[in-house]
Amino acid sequence: MKRIALIAMGVCLAAALVVIAAEVRSVNTVGFAKKALLPAGGLELIGVPFTSFTSGGSTTLEDMLGTNQLTAASFYTSADRVLLWDRVGVTYNFFAIRSSDGKFHNANSAGAWAGPATNPVVNVGDGLWLWRYGAASTTNQVYLLGEVIDATNAVIPIYEGLNLISYPFSCEFDVNASTLTTNNGVIGGTFYTTADWILVWDPVGRTYHKWAVKASDGKWHYADSAATWAGGPVTNKIAVGEGFWYKRVTNAVLNWAESNPYLSNL
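Just so you know, we're using the working numbering here: the sequence shown kicks off at 5 and counts up by one.
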């Protein structure tokens with residue numbers, strides 16, 4: 005007997021469970037994270053905080069987003085889009101829902117669709133963008149859906165350069181309470197320009213905020229000012245379902261390993 009539960013955005017399972025059913029025969033712990041796509045080209049940098057209900061562990065865009073949340077259109081320029089980062093090619097691949105069939109299609113060609121319906125796989129720990137179409141006058145509230153991640157551990161390889169990633173569990177993320185430390189291979193610096201750094205996205209201000217590891221104390225600090233530190237250690241949390249950029253400044257691969265913080269509550 006196992007409860008079906010919802011995890012609301014920004015709330016760790018270890019802290020709270022919102023129970024939506026009494027004791028039932030289920031192995032599922034259901035999670036959601038609410039994201040707001042702001043009007044006129046608003047961007048939301050999201051993560052993959054859940055696994056699929058149906059795909060045996062692999063998660064697709066349809067699994068996480070469905071096909072009736074993002075705005076569909078005859079031409080992709082009038083549709084909400086998903087941007088997947090190709091780290092090797094250093095480029096984005098665009099996808100949107102075509103109104104004629106209600107399916108995701110590749111949308112890299114200018115104003116036109118590029119190929120048949122598709123349903124790309126997104127992995128736990130990936131980051132990706134949701135992009136509200138430019139002429140939109142209203143906010144689109146989107147829910148990321150799936151099963152709460154019940155793996156004991158997760159490892160995300162971080163390569164030299166820019167990596168678009170997310171915390172690999174279904175709760176918020178405190179970078180200064182994580183294993184992303186200099187003892188585990190993170191590069192700190194006297195100046196943030198020589199350190200590994202993280203970029204978090206502000207969808208309202210439509211700008212990034214930078215965090216980097218200060219060598220003197222090994223903590224992640226605010227680093228928005230040019231080549232200087234901009235305050236004390238980071239206290240902001242990264243919300244469940246939020247993605248971020250990690251800039252690795254050395255060619256040594258960083259294998260970011262974390263343990264599940266809420267496993268005993270499932």
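Glycine residues also receive a C-beta, built at the ideal position from the N, C-alpha and C atoms.
Of the residues T64, A40, L49, F36, the one placed nearest T211, counting alpha carbons only: L49
Closest by C-alpha distance to I242, when choosing among P53, V253, L41, T64: P53
Enclosing beta strand (DSSP E) for L168 [first to last residue]: 165-170
D67, enclosing alpha helix (DSSP H) - first and last residue: 65-69
Anticipated Cβ contact below 8 Å, G209 with K39, distance rounded: Between K39 and G209 the Cβ distance is about 16 Å, and since that is not below 8 Å, they are no contact.
Distance CB(L65)-CB(P124) smaller than 7 Å: yes
Residues near P43 by beta carbon distance below 8 Å, same chain, minus five either side: R136, A140, S141, T142, T143
Proximity to I160 [Cα-Cα], best of A100, T33, S263, G46: S263
Cβ shell of A111 (< 7 Å), same chain only, five flanking positions each side left out: Y80, R85, F98, F99, A100, W117, A118
One or two residues paired with Q73 in a DSSP bridge: Answer by DSSP bridge pairing: none, since Q73 is not bridged.
Span separating the alpha-carbon of V238 from that of T122: 40 Å
Proximal residues to R102 (C-beta, below 7 Å), its chain only, five neighbours per side dropped: A76, H109, W117
Whole-angstrom distance between T33 and M13, CA atom to CA atom: Unreliable positioning characterises M13 in this predicted model, as indicated by a pLDDT of 39, which lies under 50. A coordinate reading is not provided.
Per-residue DSSP class, three states only, for N187: helix
Rounded straight-line distance, which links the Cα of K251 to that of S62: 26 Å
CA-to-CA distance, L148 to L132, given in whole angstroms: 12 Å
Per DSSP, cross-strand counterpart(s) of A216: W201, H225
Continuous beta strand (DSSP E) stretch holding Y147: start and end: 144-152
Assigned exposure category for D105 - 16 Cβ within 10 Å defines buried: exposed
Buried or exposed (CB count within 10 angstroms, at least 16 for buried), A199: buried
According to DSSP, residues forming a beta bridge with A121: H109
Continuous beta strand (DSSP E) stretch holding N97: start and end: 95-102
Enclosing beta strand (DSSP E) for L41 [first to last residue]: 34-41
Burial state of V152 (16 or more Cβ within 10 Å): buried
Limits of the unbroken beta strand (DSSP E) element including S263: 258-263
D206 burial status per 10 Å Cβ neighbour count (16 or more: buried): exposed
Residues that F248 bridges to, as DSSP identifies them: I169
T89 versus N259: straight-line alpha-carbon distance, rounded: Sequence check: residue 89 is Trp here, not Thr. Whole-angstrom Cα-Cα distance: 19 Å.
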